[in-house]
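Each residue of the sequence shown is one higher than the one before, counting from 266 in the numbering used here.
The block underneath contains the structure these notes are about, expressed in structure tokens.
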Amino acid sequence: MNAKQNMAQFMSGLKRRNPSEKEFHQAVHEVAFDILPYIESNPKYQNALLLERLSEPDRVISFRVCWVDDDGNIRANRGHRVQNNNAIGPYKGGIRFHNSVNLSILKFLAFEQTFKNSLTGLPMGGAKGGSDFNPKGKSDGEVMRFCQSFITELSRYIGPDTDVPAGDIGVGAREIGYMFGQMKRLTNKFSGTFTGKGIEYGGSLIRNEATGYGAVYMLENMLLHHKQELEGKRILISGSGNVAIYAAEKAIQLGAKVITMSDSSGYIHDKEGINAEKLALIKDLKVKRRARISEYLNTFNAEFYADQRPWHVPGDIALPCATQNEISIDDAKLLVKNGCKAVVEGANMPTVKEGIDIFKEGQVLFAPSKAANAGGVAVSGLEMSQNSARLSWSEHDLQEHLKKIMHNIHDKCVSHGTEKNYVNYSRGANVAGFIKVADAMLAYGVI
Ligand code: NDP
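Right under this line is the structure:
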């Protein structure tokens, strides 16, 4: 069988076993495209069904989550945890609360997480969880009751050596606090079952900043490797949540000019650049007041485009930091046409598959999410180490660890992804992430 037939057979099996799960198909296809030929050329990995086993989660847990709203009505949501693979360490991955959450999205995220966590070099397996519960517009009391009910069920399946969840879309410090508190109450143990915790109760410094900062460190490494610099570059950022805010903060600190940010209602374009003072307003609007980004225009000069994404704006670098599939084929074409030099995925799988091909054809440097946003889970891994040792490391030490981890991830991508005149960061990340997990799986035999 040739490589094309091999791929077709693999994908048709995956689609048959997981019908209608298009995000999951997309994520596995992207990895299989690089990994199946790699397995084919490395006898050690042949005849072990490694990719088939990696794309079949160890287990999927689904459950009902009942809670009572402020008006006394009973509400019912659905919760899930996908534990994809724990070959190299306890399951680890975020929890997402958003009305779009379904099993296809969580399976894609858990699968990706397995490779991402491997790339960090830390001992963490891959998982993801969440619910179709939407915290937007809910009172603190409603969010607390939902989180407590969610954890009452999930607590049976997680623990510091089993599965360590963290935040994701819709799950920030408030939600982690409620979930960790309920876990502590149910188990009567103060253990490191969650990361992204508050500093007062076992959290790590720079965890909030880590994903966004890490993405910009990755970008810095990529530019440096290609003899370019970040200073003065015009950056398009989508999103204004945890990842976007800290990506903007680090880019500004390093002398770049951030000209767009967005939320689910549209994007702002500030031609003068969003500086530290303006970013402080965005933090206040989005994190504290949970308001719309368009309110930025009440204080600073900018344009607001409702229900649009920022990819029409000419810029040197794109940092998609909102959600999956937010760069369409047309967006990718436009970015290339406008001279974009690099795309670094802060969000998980923000570029559609064909968009990635367009970037590669256009020789645009492209860092896939599993490499670019691994800084968050890396610092989560460091939070687990601090919890086990009952120590807190300094901000300086953690920043140095994060920089070093992102530098190593960059180098692994280069060493496994360098083609003639182009570094294929996707291939590099897929192969490097695969090797460690595959070697551990081989060591265990058939399980
Ligand atoms: P947040 O909830 O903090 O922020 C999400 C941002 O994206 C908000 O600005 C939100 O707008 C916007 N957004 C969400 N959904 C959509 C949509 N369908 N269309 C347009 N805009 C949307 O999430 P995070 O910043 O934590 O996560 C962002 C991405 O990064 C996700 O893909 C996540 O999986 C990934 N990620 C996060 C990590 C972390 O450490 N937090 C780690 C690794 C990856 P609004 O405010 O209007 O809802």
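For every residue, glycine included, the Cβ atom is placed at its ideal position computed from N, Cα and C.
If you're wondering where the values come from, they're calculated on a predicted model, not measured in any experiment.
Q. Given 8 Å as the limit, is there contact between the stretch 480-489 and the stretch 510-525, that is, 3 or more CB pairs closer than that?
A. yes
For this session: In the DSSP assignment, find the beta strand (DSSP E) that holds M526 and state where it starts and stops.
Result: Working through the sequence shown from its first residue, we reach residue 526 at position 261. Run containing M526: K522 to D528, per the beta strand (DSSP E) assignment.
Opposite D428 in the DSSP bridges: which residues?
For the purposes of this step, residue 428 is identified with residue 163 of the sequence shown, where counting begins at 1. Partner(s): Y356 and G424.
Fill in: Range covered by the alpha helix (DSSP H) that runs through H675
Your numbering for residue 675 matches position 410 in the sequence shown. Here the alpha helix (DSSP H) through H675 covers E660 to G682.
Q | Where D335 falls: helix, strand or coil (DSSP) | A | In the sequence shown, the residue the question calls residue 335 occupies position 70. Coil, per DSSP.
Tell me whether H490 sits in a helix, a strand or coil according to DSSP, three-state version. Position 225 of the sequence shown, counting from 1, holds the residue named residue 490. In the structure shown, H490 sits in a helix (DSSP, three-state: H, G or I).
I believe L663 touches L384 by the beta-carbon criterion, under 8 Å. Please report the beta-carbon distance rounded to the nearest angstrom. One-based indexing of the sequence shown puts residue 663 at position 398. One-based indexing of the sequence shown puts residue 384 at position 119. No, L663 and L384 are not in contact; Cβ-Cβ is about 18 Å, not under 8 Å.
Going by beta carbon distance, what residues of the same chain come within less than 7 Å of G442, once the five residues before and after it are set aside?
Counting from one through the sequence shown, the residue named residue 442 turns up at place 177. Once the five neighbours on either side are set aside, the close Cβ partners of G442 are G463.
inquiry  = What does the Cβ neighbour count give for Q348, buried or exposed, with the cut at 16 atoms within 10 Å?
reply    = By one-based count along the sequence shown, residue 348 stands at place 83. It counts as buried.
Go ahead and label L501 buried or exposed: buried means 16 or more other beta carbons lie within 10 angstroms of its beta carbon, across all protein chains shown.
Counted from its first residue, the sequence shown places residue 501 at position 236. The residue in question, L501, is buried, as its Cβ has 16 or more Cβ neighbours within 10 Å.
Run through DSSP, which three-state label would N613 get?
In the sequence shown, residue 613 corresponds to position 348, counting from 1. Correct three-state label for N613: coil.
### CB contact flag (A475, G640, <8 Å)
Reading the sequence shown from its first residue, position 210 is the one you call residue 475. Reading the sequence shown from its first residue, position 375 is the one you call residue 640. Going by C-beta atoms, A475 is nearer than 8 Å to G640.
**Message:** Assuming contact is defined by CB atoms lying nearer than 8 Å, are A587 and S503 in contact in what I supplied?
**Reply:** Here residue 587 refers to the residue found at position 322 when the sequence shown is read from its first residue. Here residue 503 refers to the residue found at position 238 when the sequence shown is read from its first residue. Yes, the Cβ-Cβ distance between A587 and S503 is below 8 Å.
Inset, instruction - Measuring alpha carbon to alpha carbon, tell me which of L544, Y690, N563 and K602 ends up nearest H577. - result: Position 312 of the sequence shown, counted from the start, is the residue given in the question as residue 577. Considering only alpha carbons, the answer is K602.
Does the distance from the CB of G432 to the CB of I670 come in under 8 Å? By 1-based counting over the sequence shown, the position of residue 432 is 167. By 1-based counting over the sequence shown, the position of residue 670 is 405. In this structure, I670 does not lie closer than 8 Å to G432 by Cβ.
| field | N-terminal and C-terminal residue of the beta strand (DSSP E) that A392 is part of | value | Stepping through the sequence shown from its first residue, residue 392 is reached at position 127. Its beta strand (DSSP E) spans residues G391 to S396.
- Mind checking which residues open and close the alpha helix (DSSP H) that includes H363? As a working mapping, residue 363 is identified with position 98 in the sequence shown. From DSSP, H363 is part of no alpha helix (DSSP H); its letter is neither H nor E.
Give me the Cβ distance between Y356 and T427, rounded to the nearest whole Å; I'm assuming they're in contact under 8 Å. Position 91 of the sequence shown holds residue 356. Position 162 of the sequence shown holds residue 427. With 8 Å as the limit, Y356 and T427 qualify as a contact, their Cβ atoms being about 7 Å apart.
ask   = By the 10 Å Cβ neighbour count, where 16 or more other Cβ atoms means buried, how is P615 classified, buried or exposed?
value = Residue mapping note: residue 615 aligns to position 350 of the sequence shown, counting from 1. It is buried - the Cβ of P615 has at least 16 other Cβ atoms within 10 Å.
Item checked: Beta-carbon proximity list for N689, same chain, < 6 Å, skipping 5 on both sides -> Indexing the sequence shown from 1 puts residue 689 at position 424. The answer, listed in chain order, is G682.
At a cut-off of 7 Å, would you count V617 as near ligand 1, judging by its Cβ distance to the nearest heavy atom? The residue given as residue 617 occupies position 352 in the sequence shown. V617 Cβ: outside cutoff for every heavy atom of ligand 1.
Check your understanding: Which one or two residues does DSSP pair with N350 in a beta bridge?
Key -> Counting from 1 along the sequence shown, the entry for residue 350 is found at position 85. Partner(s): G391.
Quiz prompt | Beta-carbon contacts of F289 that lie in its chain and below 6 Å, excluding the five residues immediately before and after | solution = For the purposes of this step, residue 289 is taken as the residue at position 24 of the sequence shown. For F289, where only same-chain residues beyond five positions count, the Cβ hits under 6 Å are N283, S369, K372 and F373.
- What three-state label does DSSP hand I533 in the structure shown? Along the sequence shown, read from residue 1 onward, the residue named residue 533 stands at position 268. Strand, per DSSP.
Among G358, G394, R340 and P388, the one whose alpha carbon lies nearest that of S365:
Position 100 of the sequence shown, counted from the first residue, corresponds to residue 365. Nearest of G358, G394, R340 and P388 to S365, Cα basis: G394.
Closer than 8 Å is the cut-off here; do at least three beta carbon pairs connect the stretch 322-331 with the stretch 404-418? yes
inquiry  = Under 8 Å, with one C-beta from each stretch per pair, do the stretch 397-413 and the stretch 443-457 reach the 3-pair mark?
reply    = yes
> Any chance the CB of I434 is under 7 Å from a heavy atom of ligand 1?
Replying inline: Taking the first residue of the sequence shown as 1, we reach residue 434 at position 169. Flag set: Cβ of I434 near ligand 1.
With a Cβ-Cβ cutoff of 8 Å, do G479 and N638 count as a contact? The residue labelled residue 479 in the question sits at position 214 within the sequence shown. The residue labelled residue 638 in the question sits at position 373 within the sequence shown. Result yes, Cβ atoms of G479 and N638 sit closer than 8 Å.
Can you look up E568 in the DSSP assignment and give me helix, strand or coil?
As a first step, residue 568 must be located in the sequence shown, where it is residue number 303. Strand at E568.
DSSP-derived helix/strand/coil call for S404: Taking the first residue of the sequence shown as position 1, residue 404 is located at position 139. It is coil, neither helix nor strand.
TODO: Taking P302 as part of the alpha helix (DSSP H), name the residues at either end of that continuous run.
DONE: Start at 1 with the first residue of the sequence shown, and residue 302 comes out as number 37. Segment K287 to E305, the alpha helix (DSSP H) holding P302.
Original post:
What's the call for G580, buried or exposed, on a 16-neighbour Cβ count within 10 Å?
Top reply: Sequence index remark: in the sequence shown, residue 580 carries index 315 (1-based). Buried: at least 16 other Cβ atoms inside 10 Å.
ask   = Any heavy atom of ligand 1 within a distance shorter than 7 Å of the CB on S593?
value = Within the sequence shown, numbered from 1, the residue matching residue 593 stands at position 328. No, the Cβ of S593 stays beyond 7 Å of every heavy atom of ligand 1.
query = Near P633, what residues of its chain come up, given a Cβ to Cβ distance below 7 Å and the 5 sequence neighbours on each side ignored?
reply = Taking the first residue of the sequence shown as 1, we reach residue 633 at position 368. Within the same chain, P633 has close Cβ partners E610, Y690, S691 and A694.
#### Entry: Residues that DSSP places opposite F328 in a beta bridge
Looking up residue 328 in the sequence shown gives position 63. The partner list for F328 (beta bridge, DSSP) reads G344.
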